[in-house]
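For what it's worth, this note's numbering labels the leading residue of the sequence shown as 249, then goes sequentially.
Worksheet for the structure shown next.
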Amino acid sequence: MEKKEKKPGFFAKLKQGLQKTRGGLLGMIFGGDERINAEFYEELEDAMIMADMGFDTTEGILDELKARIKAEKITERSAAKAALVDILTDYMANDTPFLAEEGDNVILIVGVNGVGKTTSIGKLASMYKEEGKRPMLAAADTFRAAAAEQLTIWAGRADVPIVKHGEGADPAAVVFDAIVSYKAKKNDLLICDTAGRLHNKKNLMNELAKMRRVIDRELPEAHVEVLLVLDATTGQNAIAQAKAFGESCGLTGIILTKLDGTAKGGVVVAVKNELGLPIRFVGVGEGIDDLQPFDARAFAEALL
Ligand code: GDP
């Protein structure tokens, strides 16, 4: 499958969102004064922590930067900046394939309420439809009636079919019915919404496990991804959510939303480093085109 060209304006929005970081400390560090001294490292450390990279990740990156500056005899901040872009790219990079090119694909979308699950599902459906796939949605967040209604609106926008039941229905039954319809209509990508009830972890775990059993039984050959949606504006709290969900279900990756509204884009680096989970997509707005596959180098450049 060919990758769609990035829409113009996507990185503009990303940069705008990260502006406070860029225009603030990180921007200042790499403008003007070219000397690499103790002050430089101190300011950089502060800026990275402020951008929400987290303490451990920041220290690790700074150690690497110092080693590189020494090894490559770098004496100017502009050259140090290029080295930092490389290091950040390595920290965030991931080259494992995402969906299977052929055959069935299932994406389970998990995350607490309000992070942008429904919106991201709509954007994903639209993106993959444009790329020539045949997505179908399963409204398996049956906890709130509004969830299925919202998802139905997105299905309409993306022009993809959706399967839903009434409020309070068994999410696994929704997934089962969706798979029946999926097979009949010869779709190739099933995207399932789920309820974000983290306060009831045991229930959530049981629910997700049951959905998973249905998928594994009815579509045994399918490639299955479990993506956690995180709201970038919550900064380090996103890490805590990822840990909790990671204990409940086997996560395979992250969708990071709302990068248009935060200076805390550094959390991307922390998420990848602390959780070892690849960032698959980033959201930079409420529009249907405001989601893109994550590109580590472009992101590192936007961050600095
Ligand atoms: P859910 O409860 O997890 O399904 O969250 P929703 O998809 O309903 O999104 C919650 C709110 O966040 C809505 O108002 C969305 O429009 C908004 N939202 C989602 N993704 C983004 C994003 O990338 N940027 C911005 N600015 N808003 C977003």
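Ideal Cβ positions, reconstructed from N, Cα and C, are used throughout, including at glycine.
On the three-state DSSP scale, how would you describe residue i?
| i | result |
| --- | --- |
| R283 | strand |
| T442 | strand |
| T323 | coil |
| I536 | coil |
| D479 | strand |
| N521 | helix |
| E350 | coil |
| P383 | strand |
| F624 | A question about residue 624 goes unanswered here, because the residues of the chain that appear run from 249 up to 552. |
| A388 | strand |
| E455 | helix |
| P541 | strand |
| G531 | strand |
| L332 | helix |
Does residue i pass the burial test, meaning 16 or more other C-beta atoms within 10 Å, or should it be called exposed?
| i | result |
| --- | --- |
| I401 | exposed |
| K434 | exposed |
| A373 | buried |
| T364 | In the sequence as presented, Thr is not what sits at residue 364; that position holds Gly. So G364 ends up on the buried side. |
| F424 | buried |
| A388 | buried |
| G302 | buried |
| T510 | buried |
| P345 | exposed |
| P419 | buried |
If you measure between the beta carbons of residue i and residue j, is that distance less than 7 Å?
| i | j | result |
| --- | --- | --- |
| L499 | V530 | no |
| G514 | D300 | yes |
| L456 | P383 | no |
| A341 | A544 | yes |
| S368 | V477 | yes |
| R405 | I536 | yes |
| V411 | A395 | no |
| A550 | L262 | yes |
| T305 | V516 | no |
| E355 | I439 | For the record, residue 355 in the displayed sequence is Ile; it is not Glu. A contact, by the Cβ cut-off of 7 Å. |
| L539 | G501 | no |
Straight-line CA distance for residue i to residue j?
| i | j | result |
| --- | --- | --- |
| G444 | L525 | 19 Å |
| H413 | G359 | 20 Å |
| T390 | M459 | 13 Å |
| V519 | I487 | 6 Å |
| N451 | A260 | 41 Å |
| E397 | G416 | 14 Å |
| D343 | I527 | 11 Å |
| V428 | S496 | 27 Å |
| G370 | Y339 | 29 Å |
| L467 | K491 | 28 Å |
| E287 | T442 | 48 Å |
| M296 | A432 | 51 Å |
| K251 | D294 | Residue placement at K251 is flagged as unreliable, the pLDDT there being 45, under the threshold of 50; a coordinate-derived value is accordingly withheld. |
| E378 | F542 | 18 Å |
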